[in-house]
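Below is one structure, written out as structure tokens, with a few remarks after it.
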Amino acid sequence: MSASGADSESARPNRMLVVVAVEREADAVPAIPETMVVVAGVGRTNAAAATTETILRHGPFRGVLSLGIAGALPGSALSIGDAVVASACVYAEEGLAAPGGFQDMRGLRFPLGDFEGNAVPVSPELLARLSPPFCSAPIATVATCSGTDAAADEVARRTGAAAEAMEGAAVVHAARRLGVPGIELRIVSNTTGDRERQQWDLPLAFAALAEAADRALALLSGWSFEPPAVQPPRGRPAVR
Numbered sequence: 004m005s006a007s008g009a010d011s012e013s014a015r016p017n018r019m020l021v022v023v024a025v026e027r028e029a030d031a032v033p034a035i036p037e038t039m040v041v042v043a044g045v046g047r048t049n050a051a052a053a054t055t056e057t058i059l060r061h062g063p064f065r066g067v068l069s070l071g072i073a074g075a076l077p078g079s080a081l082s083i084g085d086a087v088v089a090s091a092c093v094y095a096e097e098g099l100a101a102p103g104g105f106q107d108m109r110g111l112r113f114p115l116g117d118f119e120g121n122a123v124p125v126s127p128e129l130l131a132r133l134s135p136p137f138c139s140a141p142i143a144t145v146a147t148c149s150g151t152d153a154a155a156d157e158v159a160r161r162t163g164a165a166a167e168a169m170e171g172a173a174v175v176h177a178a179r180r181l182g183v184p185g186i187e188l189r190i191v192s193n194t195t196g197d198r199e200r201q202q203w204d205l206p207l208a209f210a211a212l213a214e215a216a217d218r219a220l221a222l223l224s225g226w227s228f229e230p231p232a233v234q235p236p237r238g239r240p241a242v243r
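Structure below.
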């Protein structure tokens, strides 16, 4: 994990935390004093651990933004270069593969947190700031990207998501446990489905990511959040 951004005590209450997976995504974030950028690494474990560590070591933050590229899922109508802000961050794989079909955590009656099912709620205040201008839809968080048509169709069916990435639900979930508002913003870099027929345009996606990051942080610059004096984890593990 690597981090950048001002770290003075006076700046802390006004800062946004931006969590990305790789350095190239971090390069898209404008260098402004009110923003701290953390390169967490790829995947849910890296994302949750880095978000938690950064909030506890460098917080409080007024909000957390999971930012990066994503793959468009079937039926989404998203094109490469399009931006989408999460109306919910949905874990795609937590559940049970049963003969009758997949059951998510709601069906199993095992909570992942202080919310129902697999969809981690985003901050309604942050969502209202970002949508519009960005379109909003559920975004799936996967451990295995969809490289077959069947896999892409299954993720879309399970989650109702417009796009898939590998970190968003973990970032927003970790922030939520610590009482910090969270949201996810993605730029479509590729289609999903059979790998040999996928379409990719990383230069376009990263250029669009830089524009979206600049616009999103400008929209969030006038928003304030008063963190609780003590931020106990929501849904903390039971100790017996």
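Numbering (the numbering used here), first residue to last: 4 to 243.
Note that CB positions come from ideal geometry on N, CA and C, so glycine has one too.
Task: Runs of beta strand (DSSP E) lying entirely within the stretch 32-109, each at least 3 residues, in chain order - done: 38-42, 66-75, 86-94, 98-101 and 104-107
Task: Contacting residues, own chain, Cβ-Cβ under 7 Å from Ala159 (five flanking each side not counted) - done: Leu76, Pro77 and Gly78
Open item on the list: Below 8 Å, how does it come out for the stretch 50-64 and the stretch 130-140: are there three or more Cβ pairs, yes or no?
Closed with: no
- [ ] Can you say whether Asp85 is buried or exposed, counting buried as having 16 or more other CB atoms within 10 angstroms of its CB?
- [x] buried
Task: Pair within 8 Å by beta-carbon distance, Ile58 and Val183 - done: yes
- [ ] Can you give me the start and stop residues for the alpha helix (DSSP H) that Thr162 sits inside?
- [x] Asp152 to Thr162
Task: Beta carbon of Ala73 nearer than 8 Å to that of Arg200 - done: no
- [ ] Just the C-alpha distance for Ala100 and Gly46, rounded to the nearest angstrom, thanks.
- [x] 21 Å
Task: Minimum length 3: unbroken beta strand (DSSP E) runs contained in the stretch 121-207 - done: 122-124, 138-144, 166-168 and 185-194
Task: Residue from Val25, Phe105, Ala34 and Glu26 whose Cα sits closest to the Cα of Arg1 - done: Only positions 4 to 243 of the chain appear in the structure, and residue 1 is not among them; the question remains open.
Open item on the list: Please classify Glu26 as buried or exposed, where buried requires at least 16 neighbouring CB atoms within 10 angstroms.
Closed with: exposed
TODO: Identify every residue that forms a DSSP beta bridge with Leu115.
DONE: Note: Leu115 sits in no beta bridge, so no partner.
TODO: Buried or exposed for Pro114, please, with buried defined as at least 16 other CB atoms from any protein chain shown within 10 angstroms of its CB.
DONE: exposed
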